[in-house]
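So the protein sequences, as listed, match chains W and D. Just so you know, we're using the working numbering here: the first sequence kicks off at 45 and counts up by one. Just so you know, we're using the working numbering here: the second sequence kicks off at 10 and counts up by one.
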Amino acid sequence: MSTQTVDQNPNAASAIDDNTPKNLLIYLILGTLFGIVLVKSEVISWFRIQEMFLFDSFHMYGVIGSAVFVGVISIQIIKRFNIRTFSGDPIHIAPKPWNKGTNYWLGGTLFGLGWALLGACPGPIFALIGGGTSVLVVGLLGALVGAWTYGYLKPKLPH
Amino acid sequence: MIEVLSQPWPWYVAGPLIGLFVPALLLFSSKKFGISSNLRHICAATIPAKIDYFNYDWKRKGLWGLIFASGVVIGGFIGTILLATPGGNIDLSPATVATLENIGITDFSGLVPKEFISWQGLSTLPGLILIIGGGFLVGFGARYADGCTSGHAISGLSNLQLPSLVAVLGFFAGGLFVTYIILPILF
Numbered sequence: 045m046s047t048q049t050v051d052q053n054p055n056a057a058s059a060i061d062d063n064t065p066k067n068l069l070i071y072l073i074l075g076t077l078f079g080i081v082l083v084k085s086e087v088i089s090w091f092r093i094q095e096m097f098l099f100d101s102f103h104m105y106g107v108i109g110s111a112v113f114v115g116v117i118s119i120q121i122i123k124r125f126n127i128r129t130f131s132g133d134p135i136h137i138a139p140k141p142w143n144k145g146t147n148y149w150l151g152g153t154l155f156g157l158g159w160a161l162l163g164a165c166p167g168p169i170f171a172l173i174g175g176g177t178s179v180l181v182v183g184l185l186g187a188l189v190g191a192w193t194y195g196y197l198k199p200k201l202p203h
Numbered sequence: 010m011i012e013v014l015s016q017p018w019p020w021y022v023a024g025p026l027i028g029l030f031v032p033a034l035l036l037f038s039s040k041k042f043g044i045s046s047n048l049r050h051i052c053a054a055t056i057p058a059k060i061d062y063f064n065y066d067w068k069r070k071g072l073w074g075l076i077f078a079s080g081v082v083i084g085g086f087i088g089t090i091l092l093a094t095p096g097g098n099i100d101l102s103p104a105t106v107a108t109l110e111n112i113g114i115t116d117f118s119g120l121v122p123k124e125f126i127s128w129q130g131l132s133t134l135p136g137l138i139l140i141i142g143g144g145f146l147v148g149f150g151a152r153y154a155d156g157c158t159s160g161h162a163i164s165g166l167s168n169l170q171l172p173s174l175v176a177v178l179g180f181f182a183g184g185l186f187v188t189y190i191i192l193p194i195l196f
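Here's what the structure looks like:
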C-alpha cells in the first residue's frame, strides 16, 4: 500500500471552504473556551501529568474519561439520527486509515515520551504560552521541528 | 460568579465540557476536534520545502484550526490570569509530591517545575531535554501517529476508532517509561 493510505488527504473535496469572518470568529471563541477549560481543569500542569502516570490521582482519568463518555454519546446520537450541521450539510467523520498500524503504536509511544517530558500536549502548549509560561514557545518550536522532521522522513518511515 | 469560576474545576465539570467540543465542531461545520494538525499547517505555511506532506492548501484546510489554537492562547491567558486560582497552588496528591521530591524537584508552585521548565532552566541539561527533547517528540510523535491527546484520546475514542485506541496505548507506554525510568535518571 502506498503511504497515501495512512494520510487523510487535506485536499479532499469534503474539506468545505468555510473561512468566512463569522465562522472564524466562532472558531476563535470556541478555542478560547477550550483554553479556559484546559487551564481551570489543571490538565496543563506538568505535575498533574506526572500524577496521572504515577497513578496517584483519579483527576486526569476523570477528565479524559468523562470527555470521551460525552463524545461517544454525542457521536452515537449524530450517527443514529443522521443529524446534519447547522447549515444543513451532512456530517462526515473520516475513519483513520490502517495499514500495519506501526504509525499508531510507534508514533503514539514517541508522543507519549514527549508528553511526559514536556508535561504538555499540543493544546496545553498553546494554553501555557497564553498564561505566561513563555518558555513553552521554545517547546512549540521543538514540536514544529519535530512535525517538519516527520514530514521530511515520512516516505521512509513504516506506517 | 468570578469567585466560582476561579476555583479549580473538578473533573466531572471539565471533562464533559471538553467532550462537548467534539459535537460542537461536528455540528457547526463537520470539523473533527484535534489540535496537532496545526503543527502541520504551520509547517505548510512557512517552510513547505517541496515536501509532499506540506504541499496542500493550508488556508482552506487548516485556517479554522489555527484560529481555534489562537483562541486557546487567549483562553490560556483568561484562565491563568483573569480567573487565577486563589492561592495559586495545585492540590497535588501527597504521594506524587513525595515521589517527585525524591528525584530532586523542590518547587511545586505554578504549573511547571520552574527549576527546569523556564528560560533559566534551558541552560541545564534536564531543562533542555524536557523542553526541546519533549517538544520535538510531541511534534514528531503526534504527526507520525496522526493525532494527539485531543485527536486520538478524545475525538478518536469518541468515535470508537481502533487506531486511536492503539495510539492512546502508545501514549501511555511512552509516558510511563519517562515517569518511571527517564525522570529518576535525569534529575
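Quick reminder that beta carbons are idealized off the backbone N, C-alpha and C, glycines included.
Note to self: DSSP three-state label for P134/W, please.
What the structure shows: Strand at P134/W.
Note to self: My assumption, with CB atoms under 8 Å, is that N166/W sits in contact with I141/D. Please give the rounded CB distance.
What the structure shows: What sits at residue 166/W in the sequence shown is Pro, not Asn. That pair is no contact at about 16 Å.
Notebook entry, point to check: Who does R128/W pair with in a DSSP beta bridge?
Noted result: In the DSSP output, where bridge partners are listed per residue, R128/W has P134/W.
Notebook entry, point to check: Counting contacts by CB-CB distance shorter than 8 Å, is K200/W in contact with chain D?
Noted result: Taking 8 Å as the CB threshold, K200/W stays off the interface with chain D.
Note to self: Please state the DSSP three-state secondary structure of D51/W.
What the structure shows: Here the model assigns D51/W a pLDDT of 46, short of 50, so the residue's position is not dependable and the matter cannot be decided.
Checklist line | Residue closest to L166/D, alpha-carbon to alpha-carbon, out of D100/W, K140/W and L82/W | finding: That would be K140/W, whose Cα lies nearest to the Cα of L166/D.
Item checked: Interface positions of the stretch 168-193 of chain D facing chain W (Cβ-Cβ less than 9 Å), listed along the chain -> Contact residues of the stretch 168-193 of chain D toward chain W are N168, L169, Q170, L171, P172, S173, L174, V175, A176, V177, L178, G179, F180, F181, A182, G183, G184, L185, F186, V187, T188, Y189, I191 and L192 (C-beta to C-beta distance below 9 Å).
Next item on the list: For S132/D, return the contacting residues in chain C, with the cut-off set at a CB-CB distance below 9 Å.
Entry: Of the chains in the structure shown, none is chain C; the protein chains are W and D.
Notebook entry, point to check: Thinking C-alpha only, which one of I137/W, P202/W and W192/W is nearest Q170/D?
Noted result: Selected option, being the one with the closest Cα: I137/W.
Check: In chain order, what residues of the same chain have a beta carbon less than 6 Å from the beta carbon of A53/D, not counting five sequence neighbours either side?
Finding: Closer than 6 Å at Cβ, skipping near neighbours: F63 and W67.
Next item on the list: Can you pull the chain D residues whose beta carbon is under 8 Å from the beta carbon of T64/W, in chain order?
Entry: Taking a Cβ-Cβ threshold of 8 Å, none of the residues of chain D is close to T64/W; the smallest such distance is about 10 Å.
Notebook entry, point to check: Are the Cβ atoms of G75/W and G88/D separated by less than 8 Å?
Noted result: No, these two residues do not count as a Cβ contact at 8 Å.
Checklist line | Neighbourhood of L92/D by C-beta distance below 6 Å, restricted to the same chain and skipping five residues each side | finding: Exclusion of the five residues before and after L92/D leaves L14 and S15 as the residues of its chain whose Cβ lies within less than 6 Å of its Cβ.
Checklist line | Cβ shell of V81/D (< 8 Å), same chain only, five flanking positions each side left out | finding: For V81/D, where only same-chain residues beyond five positions count, the Cβ hits under 8 Å are I44.
Notebook entry, point to check: Do you know whose CA, among G113/D, M10/D, I190/D and P17/D, lies nearest G97/D's CA?
Noted result: Of the listed residues, the one whose Cα sits closest to G97/D is P17/D.
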